[in-house]
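> Its first residue numbered 26, the sequence shown is counted upward by one per residue in this note's numbering. C-beta atoms are modelled at their ideal positions from N, C-alpha and C, and glycine is treated no differently.
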Amino acid sequence: MTDQVNTRGLALEFLLEVEKGALSHVALRGMLERYQYLDKQERAFLTRLCEGTLERRLELDAIINHFSKVPVKKQKPVIRNLLRMSVYQLKYMDQVPDSAVCNEAVRLAQKKGFGTLKGFVNGVLRSIARGIEEISFDDLSICYSTPQWIVDQWVEEYGKDKAVRMLADQYVEKPVTIRINETKTTKQQLKARLESEGVTVQEVDGMDCALAISGFDYLRALSSFREGLFHVQDVSSMQVALTAAPKEGDICLDVCAAPGGKSLHLAELLHGTGLVEARDLTDYKVELIQDNIDRSELTNIRAVCHDATVLDESWIGKADIVLADLPCSGLGVLNKKNDLKYRMTPEQQQELVELQHRILDIVWQYVKPGGKLIYSTCTVHKAENVETVDWFLKTHPFLLKKEIIMLPGVDKYDGFFIAGMERKEHD
Ligand SMILES: C[S@@+](CC[C@H](N)C(=O)[O-])C[C@H]1O[C@@H](n2cnc3c(N)ncnc32)[C@H](O)[C@@H]1O
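Have a look at this one:
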């Protein structure tokens, strides 16, 4: 590693940006793109330090508060984030010697204009380095660094054993799964191509259209990705288009489609026939879908800007399949979105439930009699899943054909919910 101080300085910049409200995955991607000159090992160190410090924040703060006279909340943002990332290294990055962690933190404090607090940073970190093995926390919220209200909701909805497995799953390292674009390549060809690009490739049990990849630097550096030979998608998300099971010639409408993973999957399953209209709320989101369509070179799909809460009379009774993969609290994918848990609130969850009801109340009208409505979310919150479906079925002319509930850490892949419903022939 050429310059760890620089790498740590970048991690500190990232943490400050996120504290000011930036989305962590956007900020991290932006930084890795700006600093492409970093070598693979430095990028891995930086990614781990940024993501790890964020995802363990509540635990790190509890450790700092145990050893520091000034509580985290009262510290200057630069100092508290510097301490958090240093404690993360002390606790979770065994390859970094404790003395290096303390020395680099002191140097960084000075470099950032906090020379007067060098003694404080050094004192707190050296006490933590000496005492870290002796402190532990019983509280699930601190142990798994997850806000108390989420812990309470999961224990109430799933019981303590499952809730603990769901909490622990946030920290399990998983390979990236990809869906093969079978209109452009085969599994064997793609496997060989990825291996020639230095990627480690594994089969995914029971999923012929998927592979698990690891050991690559970043996706856009792979020509196989730029050529649209695959799409990054979790195995749970792949179940959505598989549940929809489109027949050749079907007309499909995805009402909340960006960045387009499930729409593209539907279009691929149609083998060049039929149509998928992939909609989202803003021009920016529609551009994301369009980029993915361009990369995949599929011709039976188009991206359109439309607000799903507004009825489009021209589509009433026209769709064989309507996909409603709706905005949700995302609590099934905390493994991938490491700071979402701090941003979500019970009030926002309630607003999302209301939005889901509003959208479903409009979009069911696009389904032909006998056609399918697929409702899905990437959360485990029952009010957004089974309870929304119960409400929908009581008030709309549909039958439930299939319900899939996947819990992180309990089932093998991301937490996800899918309800496959069929419109009755007569309302
Ligand atoms: C769960 S994501 C969809 C993921 C997508 N189906 C995929 O597989 O790539 C939900 C999407 O709903 C969009 N959205 C939110 N409110 C909307 C609205 N009123 N109308 C249309 N789209 C909306 C968001 O912009 C977001 O892209």
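How many Å lie between Val-197 and Asn-360 at the Cα?
Their backbone Cα atoms lie some 7 Å apart in a straight line.
> Taking 6 Å as the line, does the beta carbon of Thr-334 fall inside it for any heavy atom of ligand 1?
At least one heavy atom of ligand 1 is nearer than 6 Å to the Cβ of Thr-334, so yes.
> Using beta-carbon positions only, say whether Ala-237 and Thr-202 come within less than 7 Å of one another.
Against a cut-off of 7 Å, the Cβ pair of Thr-202 and Ala-237 comes out as a contact.
> Could you tell me if Thr-420 is buried or exposed, where buried requires 16 or more neighbouring beta carbons within 10 angstroms of its beta carbon?
Exposed, since its Cβ has fewer than 16 Cβ neighbours within 10 Å.
> Between the Cα of Lys-187 and those of Leu-74, Val-358, Arg-368 and Asp-436, spot the shortest distance and give me the residue it belongs to.
Measuring from the Cα of Lys-187, the nearest candidate turns out to be Asp-436.
> Buried or exposed for Gln-195, going by 16 or more other Cβ atoms inside 10 Å?
Buried, because 16 or more other Cβ atoms sit within 10 Å of the Cβ of Gln-195.
> Specify the secondary structure class of Pro-172 as computed by DSSP and reduced to three states.
Pro-172: coil per DSSP, three-state reduction.
> Okay, do the segment 128-136 and the segment 54-63 touch, 3+ Cβ pairs below 8 Å being the bar?
Because the criterion of three Cβ pairs below 8 Å is not met, the segment 128-136 and the segment 54-63 do not touch.
> Work out the CA separation of Ile-314 and Ala-328 for me, nearest whole Å.
Roughly 6 Å separates the two Cα atoms.
> Among Val-301, Gln-258 and Lys-185, which residue has its Cα nearest to the Cα of Lys-272?
With distances taken between Cα atoms, Lys-272 lies closest to Val-301.
> Residue range of the beta strand (DSSP E) that Gln-100 falls in?
From DSSP, Gln-100 is part of no beta strand (DSSP E); its letter is neither H nor E.
> Can Ser-321 and Ala-303 be called in contact, C-beta distance under 7 Å?
No; because the gap between Cβ atoms is not below 7 Å, this pair is not in contact.
> By DSSP, does Lys-94 sit in helix, in strand, or in coil?
Lys-94 falls in the coil class under three-state DSSP.
> Is any heavy atom of ligand 1 found at a distance shorter than 6 Å from the C-beta of Leu-142?
No, the beta carbon of Leu-142 sits no closer than 6 Å to any heavy atom of ligand 1.
> Within the continuous alpha helix (DSSP H) that includes His-382, where are the two ends?
First-last of the alpha helix (DSSP H) with His-382: 371-388.
> When burial is assigned at 16 or more other CB atoms within 10 Å of the CB, is Tyr-438 buried or exposed?
Burial call: buried.
> Straight-line CA distance for Lys-449 to Phe-442?
About 22 Å.
> Could you tell me the boundaries of the beta strand (DSSP E) in which Tyr-400 lies?
Unbroken beta strand (DSSP E) run through Tyr-400: 392-402.
> Looking at C-beta atoms only, is the number of pairs between the segment 103-114 and the segment 72-82 that lie closer than 8 Å three or more?
Result yes; three or more Cβ-Cβ pairs closer than 8 Å.
> Could you check where the alpha helix (DSSP H) with Ser-221 kicks off and where it finishes?
Taken as a continuous stretch (DSSP letters only), the alpha helix (DSSP H) holding Ser-221 covers 212-221.
> Just the Cα atoms here: how many angstroms apart are Gly-140 and Leu-53?
Distance between the alpha carbons of Gly-140 and Leu-53 is about 28 Å.
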